[in-house]
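**Student:** Chains as they are written, first to last, in the UniProt record's numbering: chain A, 1 to 554; chain B, 1 to 554. Okay, here's the structure, questions in a sec.
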Ligand SMILES: NC(=O)c1ccc[n+]([C@@H]2O[C@H](COP(=O)([O-])OP(=O)(O)OC[C@H]3O[C@@H](n4cnc5c(N)ncnc54)[C@H](O)[C@@H]3O)[C@@H](O)[C@H]2O)c1
Ligand SMILES: NC(=O)c1ccc[n+]([C@@H]2O[C@H](COP(=O)([O-])OP(=O)(O)OC[C@H]3O[C@@H](n4cnc5c(N)ncnc54)[C@H](O)[C@@H]3O)[C@@H](O)[C@H]2O)c1
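Quick look at the structure:
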């Protein structure tokens with residue numbers, strides 16, 4: 001078992017010559033390789049794509065065997081992959097998936113990191129994350145887009161879909177949080193982001209994710225005021241501690257249009273600078289006395305949350321962005337910490353109710369022009385979706401492709417299959433240089449059970465019911481997706497989620513057309529179904545509008 | 001939500017007129033109803049089929065809606081059932097399953113009885129057991145057959161496949177254990193069963209599951225001696241306490257040919273009579289002082305296991321029959337309690353390595369003659385399988401059909417699809433009055449991860465890896481099974497297993513022929529694959545012999 005080989009450099013082949021027997025098997029081959037492209041993967045030599053230890057294959061022997069199996073796979077055969085290792089090839093039929101994948105699944109009583117790590121060490125498993133082991137990760141475009149969608153939805157819910165002249169107050173410009181200022185501006189809003197580390201601000205300035213740095217709070221507020229007045233969105237970074245700046249803003253009577261936070265509050269030792277401390281003090285104490293740091297950090301978080309609650313009480317839309325800061329404050333005695341909601345129930349769930357989620361596609365040709373052509377097609381087919389057009393324009397300008405050119409768009413039931421059919425037609429007509437693959441994140445409307453994130457606080461209390469992602473996977477398999485995956489763990493870790501993935505190839509054939517129509521309808525429809533079953537009005541209305549046949553719907 | 005309605009009496013329709021649009025949808029309809037037949041289900045009015053609270057549908061409203069949906073379902077549609085409730089109908093294609101089922105699945109961290117019970121009470125879930133919620137339970141025939149196969153395999157492993165002149169020593173003639181004397185005699189061996197409760201012995205005598213009762217140990221041994229000498233197998237019940245009788249047999253130097261036990265040792269309060277106690281004392285103390293009972297029962301179990309270990313050391317094949325008695329003895333200080341194996345690693349696993357498991361079929365016509373004709377066909381196609389012929393002869397004589405006539409046979413890779421194809425041909429030629437459905441238990445070779453039972457002590461330590469049953473379900477879906485299910489819990493309860501089921505209809509069409517060939521080959525092949533991957537020689541040899549394409553097989 002070879003787990004590290006930094007000498008190997010994998011890149012997906014480009015162009016229209018294939019080494020597998022058809023595009024249906026060339027596609028998983030290229031997408032597996034693309035996940036390990038040095039421009040895409042975090043540690044390609046270790047087969048690690050992203051998210052800690054999320055791998056594309058169990059070890060290098062397994063990688064080579066998967067490649068070999070895919071090259072030989074016939075049009076009526078299906079390859080089975082068990083936690084990144086190819087374990088069987090079976091005869092199925094042309095409308096069946098070509099690859100079926102199960103990653104990191106453990107019987108619940110044993111579904112712990114300890115047991116997983118033991119199996120992982122023995123070479124019996126690997127961690128599949130979400131799109132790492134299911135071969136449809138395409139770099140950091142997703143983070144920007146997810147944040148953009150969250151802000152856009154916030155605008156829809158509170159500001160009639162128009163964020164111009166509005167501004168978002170947040171903190172934290174780290175790995176995830178750094179996408180906030182860019183996404184805000186893309187969504188049409190200004191943004192003030194408090195960050196305690198000069199290097200984080202410099203990095204975001206250099207890469208164009210934040211527009212300017214203010215020298216102090218007065219200057220920051222002046223820039224924001226000008227920007228909101230002239231409706232020219234700008235993002236401003238301010239060096240400071242959120243636990244100081246937010247209360248100060250409250251006492252000054254400043255009123256943002258939205259408040260959130262992406263400091264790493266989930267980790268009170270390493271993630272949150274206590275108020276009044278220098279970075280140097282913090283670093284030293286983290287090693288020397290983590291308990292003292294925890295105590296001080298949580299006390300500061302409590303002040304931070306109290307300020308957020310003050311904004312919440314003023315009627316300012318305020319949300320927890322998945323960093324667990326409410327929980328920390330609650331433990332510090334802030335009894336009403338959970339008065340403001342998490343971002344999924346607040347903003348993402350209404351999208352999920354309509355089957356809207358992180359739809360994505362990649363150009364197997366490797367040619368960026370193919371993606372620009374599909375971008376144009378998306379605009380043509382969805383002429384009224386202003387935010388989507390905006391995203392596409394911004395993305396073309398500001399998002400660098402990593403690996404095979406790809407695009408992410410949040411679209412839902414009724415649109416996904418139309419886009420898929422259009423792309424397939426473009427391939428058929430020779431308007432694109434090679435086929436397109438269409439997939440999505442496992443974080444989607446019908447494909448995940450994750451009570452601490454995607455299915456937090458479901459209306460009916462069904463957060464932990466994982467029948468839904470299993471049905472999603474089975475239905476995608478029955479509908480003819482090109483590959484289907486079932487994972488456990490993912491972004492929230494062992495024991496905390498089960499989710500499924502699907503990818504379908506647009507190779508321009510009439511057979512693909514029929515499959516695309518079914519899969520890209522059924523897949524988001526399971527999300528609408530799941531949310532309608534939980535009692536969400538938006539989902540029930542969406543199901544009715546699209547004529548879904550849900551036998552238990554009242 | 002109506003969970004109890006004892007006024008409703010459900011029986012599957014018989015004959016060749018159907019109320020659904022095709023046999024592919026009539027079949028799940030009849031099998032759902034058959035699971036609730038008063039001759040089949042334990043509490044039909046509560047939709048409980050067997051195994052505690054294993055249900056066929058979530059509530060009566062769901063039952064009615066499933067029936068209505070199946071009656072309308074088209075040849076290219078698929079019904080989704082989430083924990084016994086019909087939640088969606090989607091367009092798929094004719095080669096896809098007509099029903100996809102997910103029952104009782106919970107995200108691992110929440111996979112406890114407490115959380116399940118809360119969801120169950122709220123009407124959000126039901127317990128699917130194994131074949132209850134997947135509509136292929138067919139009564140107690142399976143218990144007798146499973147025990148028969150275990151004894152036959154024991155004979156193969158230790159006595160060259162010939163149990164004549166041999167005898168099995170056991171205890172417990174309860175719900176499961178009562179099948180032992182009948183199964184032993186069917187397998188060609190005599191049996192001495194110690195049982196402490198006169199009523200249990202009487203019930204087994206009356207129903208013909210045990211042949212005679214001996215008045216004391218001397219008489220019992222005399223009968224056994226005569227039976228083994230003349231090679232005329234006989235089963236003998238002896239009233240007594242196993243914790244007394246087994247040590248007595250050891251001290252007398254008696255040598256059985258196999259030793260096992262099916263007292264309810266897993267439950268030290270209610271399942272095991274302490275040595276020296278009367279039944280009346282036991283019953284009283286269970287209520288009054290369960291701790292005293294536990295202590296006394298476990299002390300007796302320790303003596304019981306010490307006697308079993310003495311037999312084991314003599315070289316007598318000795319196994320734990322899944323009642324946890326070794327664990328109890330270990331806790332009482334019997335350090336070597338686990339020196340003798342559990343029955344799955346000892347006898348069932350070698351069968352699983354060849355894809356052999358509880359294959360079963362039912363006659364949708366309702367006519368027993370259809371089953372007798374298939375019995376004859378099985379004999380014709382498997383002329384050399386003596387034990388199978390024996391089972392069929394015995395079953396015809398001694399097993400009463402419950403609900404739709406059905407048959408269970410343990411057959412494996414290479415045989416299952418031949419039987420399926422033959423049955424389909426019989427339907428096509430009009431030799432049977434209506435189609436046949438073929439299914440299996442979830443307890444099968446490739447379909448379950450259950451570290452305390454089916455996957456106990458796997459050679460490579462992969463007991464808890466549940467990628468395998470998920471792949472099995474996905475592959476059956478991709479191969480065209482008529483319905484496919486994914487369950488959690490089953491026989492060992494919340495948190496302890498994940499498993500999948502499949503059923504396929506032989507409607508006599510050429511399309512069914514192609515599906516049968518794929519499904520009934522691939523399904524057992526996943527079992528061979530799983531065991532070959534774990535390093536079992538028998539499985540590796542079986543994979544080679546059948547030319548399976550397992551890319552990682554060395
Ligand atoms: N929304 C989601 O779906 C989602 C997904 C993943 C992670 N998260 C959570 O979002 C949070 C941020 O993630 P990340 O990857 O950006 O983390 P990160 O650790 O890379 O960035 C955190 C940033 O906050 C800054 N910071 C710390 N304390 C501060 C303070 N008192 N005042 C101002 N700035 C401070 C740090 O200097 C750092 O730059 C984490 O808690 C993470 O778990 C959310
Ligand atoms: N092998 C398997 O796959 C499997 C499956 C299910 C259950 N089991 C286990 O098998 C055991 C038996 O199951 P069951 O359904 O027959 O249980 P049961 O409770 O119906 O029967 C147990 C019998 O043992 C008798 N008994 C108790 N103490 C005794 C003693 N000291 N001496 C003699 N007889 C005694 C009782 O009177 C009773 O008739 C259970 O522990 C059960 O969990 C095994």
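Virtual Cβ for every residue (Gly too), placed ideally from N, Cα, C. All figures in this text were calculated on a predicted structure; none of them were measured in a lab.
At least one CB of chain B closer than 9 Å to the CB of residue 180 of chain A: is that the case?
**Tutor:** Judged by the 9 Å Cβ criterion, residue 180 of chain A is not in contact with chain B.
**Student:** Less than 9 Å between CB atoms is the rule here; does residue 477 of chain A satisfy it with respect to chain B?
**Tutor:** Chain B, which has a Cβ nearer than 9 Å to the Cβ of residue 477 of chain A, makes this yes.
**Student:** Using a C-beta cutoff of 9 Å, does residue 135 of chain A count as contacting chain B?
**Tutor:** Taking Cβ atoms only, chain B never reaches closer than 9 Å to residue 135 of chain A, which makes this a no.
**Student:** Tell me, please, whether the CB atom of residue 124 of chain A is closer than 9 Å to any CB atom in chain B?
**Tutor:** True, the Cβ-Cβ gap to chain B drops below 9 Å.
**Student:** Which partner residues does residue 502 of chain A have in the DSSP bridge list?
**Tutor:** Paired residues: A/484.
**Student:** Considering only residues of the same chain and omitting the five flanking positions on each side of residue 87 of chain A, which have a CB-CB separation below 6 Å?
**Tutor:** Correct list, in chain order: 80.
**Student:** Report yes if the CB atom of residue 562 of chain A is closer than 9 Å to the CB atom of residue 135 of chain A, and no otherwise.
**Tutor:** The structure shown does not extend to residue 562 of chain A, since chain A spans only 1 to 554, so no value can be given for it.
**Student:** What residues in its chain sit with their C-beta under 8 Å from that of residue 566 of chain A, if we drop five residues either side in the sequence?
**Tutor:** Here chain A comprises residues numbered 1 to 554, so residue 566 of chain A is not present and cannot be evaluated.
**Student:** For residue 509 of chain A, write down the residues that DSSP places opposite it in a beta bridge.
**Tutor:** Answer is none; residue 509 of chain A lacks a bridge partner.
**Student:** Report yes or no: do three or more beta-carbon pairs, one from the region 202-213 of chain A and one from the region 266-273 of chain A, lie closer than 8 Å?
**Tutor:** At 8 Å Cβ cutoff, the stretches do not touch.
**Student:** Counting only runs that start and end within the region 435-491 of chain A, where is the alpha helix (DSSP H) found for 4 or more residues in a row?
**Tutor:** List check, alpha helix (DSSP H) in window: 467-479.
**Student:** For the region 120-131 of chain B against the region 460-474 of chain A, do three or more pairs of beta-carbon atoms, one drawn from each stretch, fall closer than 8 Å, so that the two count as touching?
**Tutor:** Enough Cβ pairs lie closer than 8 Å, so yes.
**Student:** Ends of the beta strand (DSSP E) at residue 50 of chain B?
**Tutor:** Per DSSP, residue 50 of chain B belongs to the beta strand (DSSP E) from 48-50.
**Student:** Under three-state DSSP, which class holds residue 167 of chain B?
**Tutor:** Correct three-state label for residue 167 of chain B: strand.
**Student:** Can you give the Cα-Cα distance for residue 374 of chain A and residue 185 of chain A, rounded to whole angstroms?
**Tutor:** Distance between the alpha carbons of residue 374 of chain A and residue 185 of chain A: 24 Å.
**Student:** Among all the DSSP beta bridges, which residues are the ones paired with residue 320 of chain B?
**Tutor:** B/342.
**Student:** Take the Cβ of residue 40 of chain A as the centre, count every other Cβ of all protein chains shown within 10 Å, and call the residue buried at 16 or more, exposed below.
**Tutor:** The residue is buried, with at least 16 neighbouring Cβ atoms inside 10 Å.
**Student:** Is residue 494 of chain B close to chain A? Criterion is C-beta to C-beta, closer than 9 Å.
**Tutor:** Chain A, which has a Cβ nearer than 9 Å to the Cβ of residue 494 of chain B, makes this yes.
**Student:** Tell me, which residues are paired with residue 212 of chain B by DSSP?
**Tutor:** Note: residue 212 of chain B sits in a beta bridge opposite B/236.
**Student:** Contact between the region 497-511 of chain B and the region 106-121 of chain B: three or more CB pairs below 8 Å?
**Tutor:** At 8 Å Cβ cutoff, the stretches do not touch.
**Student:** Return the bridge partner residues of residue 99 of chain B from the DSSP annotation.
**Tutor:** Residue 99 of chain B is bridged to B/79, B/483.
**Student:** Going by the C-beta, is residue 24 of chain A closer than 8 Å to any heavy atom of ligand 2?
**Tutor:** Incorrect: residue 24 of chain A has no Cβ contact closer than 8 Å to ligand 2.
**Student:** Inspect the CB distances between the region 43-63 of chain B and the region 1-14 of chain B and report whether three or more fall short of 8 Å.
**Tutor:** Yes, the region 43-63 of chain B is in contact with the region 1-14 of chain B.
**Student:** Along the chain, where does the beta strand (DSSP E) containing residue 85 of chain A start, and where does it finish?
**Tutor:** Here the beta strand (DSSP E) through residue 85 of chain A covers 85-91.
**Student:** Does DSSP classify residue 532 of chain A as helix, strand or coil?
**Tutor:** Helix at residue 532 of chain A.
**Student:** Taking 8 Å as the cut-off, is the beta-carbon of residue 200 of chain B closer than that to any non-hydrogen atom of ligand 2?
**Tutor:** Residue 200 of chain B Cβ: within cutoff of ligand 2.
**Student:** So, helix, strand or coil for residue 287 of chain A, using DSSP?
**Tutor:** In this structure, residue 287 of chain A counts as helix in the three-state DSSP scheme.
**Student:** Does ligand 1 have a heavy atom nearer than 8 Å to the CB of residue 93 of chain B?
**Tutor:** Checking every heavy atom of ligand 1 against the Cβ of residue 93 of chain B, none is found closer than 8 Å.
**Student:** Assign residue 207 of chain A to buried or exposed, taking buried as 16 or more other Cβ atoms, counted over all protein chains shown, within 10 Å of its Cβ.
**Tutor:** Under this definition residue 207 of chain A is an exposed residue.
**Student:** State the start and end residues of the unbroken alpha helix (DSSP H) segment that holds residue 192 of chain A.
**Tutor:** Unbroken run through residue 192 of chain A is the beta strand (DSSP E), 190-195; no alpha helix (DSSP H).
**Student:** Strictly under 9 Å for the Cβ-Cβ distance: is residue 95 of chain A near chain B by that measure?
**Tutor:** Judged by the 9 Å Cβ criterion, residue 95 of chain A is in contact with chain B.
**Student:** What does the alpha-carbon distance come out to for the pair residue 27 of chain B and residue 364 of chain B?
**Tutor:** The straight-line gap from Cα to Cα measures roughly 7 Å.
**Student:** Indicate whether at least one CB of chain B lies closer than 9 Å to the CB of residue 525 of chain A.
**Tutor:** At least one chain B Cβ lies under 9 Å of residue 525 of chain A.
**Student:** Residue 106 of chain B by DSSP, collapsed to three states: which one?
**Tutor:** DSSP places residue 106 of chain B in strand when its eight states are reduced to three.
**Student:** Please identify the residue among A/197, A/198, A/155, A/150 whose C-alpha is closest to the C-alpha of residue 179 of chain A.
**Tutor:** Minimum Cα distance to residue 179 of chain A is reached at A/150.
**Student:** Are three or more beta carbon pairs between the region 308-327 of chain A and the region 250-263 of chain A nearer than 8 Å?
**Tutor:** Result yes; three or more Cβ-Cβ pairs closer than 8 Å.
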